[in-house]
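Residue numbers (the numbering used here): 238 to 567.
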Ligand code: NDP
């Protein structure tokens, strides 16, 4: 099978030479295992952190070994009860064409509810991140004004639409291109701005229309978090989901410089990992499939073809080439 390996650890922005396409041999199927032909693999911002050799919530990738991460594939051989040839399964052995793994390490994608690729996006971890981050971590309630950064990305676009579907008074999104800003307005955001046009602080204030914000869903960190802290109302909540503005940083970044505002405004800032929100999976899947079905939530995908292009897709993701979920189709 062909697979992508980490050839060297990136310093700052990843580069093509940090990755290598290699061949490896698949093991025989043991009892309880399945052979999967991957159809889609997910490239995600958190993988950048795993390319550094530092202890974190997710173990670093080993050098010269296949990378891993979310994937959706088709079962082509099975020695496991409950998995049959033709099943679509979600699992963690991405970045490769074929995988042999324990059936218990896979979940069957309910392709009767949504297209297969959605199980790496809106119906999968991405969707659960948006759903649980907004409703459980930030404790969104109807009438709240919500700001989400990285809003045209996979998680962010869902956050804004879920907030609208659940009765937000105002939903504001930020993104990095005029095309993405236009897309957010099409998706039903009340206001959207390009963070490259002018300071986030000024643009957010204008977008909030004098009423402030009650919830900030942070995908970006840095200046965005600083601007949100300034704009949050008393009792406001922040779901700290990601800080992509800092993933390639080689030095600590200064913002937010106004964290002290959290005291006077009695703010709640809560970091979370989607892995800690799995108890909401069933509720999430029911509601998300309803929203997708009635059109109140829509999702975009940016699809790149070919395993050999997966490293470039990952690098492009960090540079903002994607609208919605970035996927590699094999
Ligand atoms: P996205 O689809 O949002 O892709 C990443 C986007 O980040 C790019 O498209 C780009 O869009 C934006 N971006 C890149 N650099 C910057 C920057 N310097 N400032 C502002 N925006 C930037 O990825 P995901 O939806 O998968 O992930 C979104 C965030 O959620 C990430 O921070 C990720 O780490 C986090 N996450 C956290 C999880 C958790 O369990 N806590 C689970 C899943 C994701 P643009 O053109 O707008 O710049």
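Quick reminder that beta carbons are idealized off the backbone N, C-alpha and C, glycines included.
In terms of alpha-carbon separation, which member of the options lies closest to residue i?
i, options, result
"residue 398", "467, 468, 487 and 454", "454"
"residue 344", "404, 308 and 373", "308"
"residue 404", "471, 244, 382 and 387", "382"
"residue 546", "257, 238 and 249", "257"
"residue 335", "483, 555, 303 and 491", "303"
"residue 406", "417, 426 and 414", "426"
"residue 558", "566, 567, 538 and 544", "538"
"residue 466", "479, 482 and 449", "449"
"residue 372", "327, 518 and 416", "518"
"residue 443", "458, 332, 408 and 417", "408"
"residue 446", "499, 384 and 262", "384"
"residue 436", "416, 456, 492 and 480", "492"
"residue 319", "331, 332 and 342", "342"
"residue 349", "530, 414 and 560", "530"
"residue 419", "497, 310, 277 and 560", "560"
"residue 523", "322, 282 and 351", "351"
"residue 322", "249, 282 and 311", "311"
"residue 496", "458, 554, 543 and 555", "458"
"residue 392", "503, 415 and 479", "479"
Take residue i and list the residues in its own chain whose beta-carbon comes closer than 7 Å to its own, dropping the five residues that flank it on each side.
i, result
"residue 508", "477"
"residue 259", "240 and 242"
"residue 270", "316, 317, 337, 338, 339 and 340"
"residue 379", "403 and 404"
"residue 550", "280, 541, 563 and 565"
"residue 433", "413"
"residue 266", "272, 314, 316 and 337"
"residue 431", "412, 413, 414, 415 and 418"
Just confirm the distance between the C-beta atoms of residue i and residue j, as a whole number of angstroms; I'd bet it's less than 8 Å.
i, j, result
"residue 347", "residue 313", "That belief does not hold up - the Cβ atoms of residue 347 and residue 313 are roughly 20 Å apart, past 8 Å."
"residue 514", "residue 353", "That pair is no contact at about 23 Å."
"residue 463", "residue 494", "6 Å"
"residue 536", "residue 355", "7 Å"
"residue 305", "residue 329", "6 Å"
"residue 276", "residue 567", "6 Å"
"residue 554", "residue 282", "7 Å"
"residue 326", "residue 357", "Not really, about 12 Å apart at Cβ, beyond 8 Å."
Please return the same chain residues whose Cβ sits closer than 8 Å to the Cβ of residue i, not counting the five positions on each side in sequence.
i, result
"residue 421", "388, 389, 394, 397, 410, 412 and 429"
"residue 534", "359, 395, 398, 399, 402, 525 and 528"
"residue 288", "243, 246, 247, 251, 255, 297 and 298"
"residue 262", "238"
"residue 481", "282, 387, 456, 457, 458 and 555"
"residue 503", "471 and 472"
Using the beta-carbon count (16 or more within 10 Å), is residue i buried or exposed?
i, result
"residue 292", "exposed"
"residue 324", "buried"
"residue 424", "buried"
"residue 471", "exposed"
"residue 440", "buried"
"residue 552", "buried"
"residue 268", "exposed"
"residue 489", "exposed"
"residue 487", "exposed"
"residue 386", "buried"
"residue 468", "buried"
"residue 295", "exposed"
"residue 290", "exposed"
"residue 548", "buried"
"residue 253", "exposed"
"residue 543", "exposed"
"residue 331", "buried"
"residue 278", "buried"
"residue 501", "exposed"
Within its chain, find whatever has a CB closer than 6 Å to the CB of residue i; leave out the 5 residues flanking it on each side and keep chain order.
i, result
"residue 511", "362, 365 and 366"
"residue 375", "452, 474 and 476"
"residue 264", "337"
"residue 461", "386 and 437"
"residue 498", "466"
If we cut at 9 Å on Cβ distances, does residue i have a partner in chain C?
i, result
"residue 422", "Absence of chain C from the displayed structure is noted, only one protein chain being present."
Can you find a heavy atom of the ligand FAD that lies under 8 Å from the Cβ of residue i?
i, result
"residue 373", "Of the ligands one can find in the structure shown, namely the ligand NDP, none is the ligand FAD."
Every unbroken beta strand (DSSP E) inside the segment 440-495 [3 residues or more]: 450-455 and 469-477
Which complete beta strand (DSSP E) runs does the segment 392-449 hold, if anything under 3 residues is left out? 407-412 and 428-431
Every unbroken beta strand (DSSP E) within the segment 268-356, with a cutoff of 3 residues, ordered by chain: 270-279, 308-315, 325-328 and 335-339
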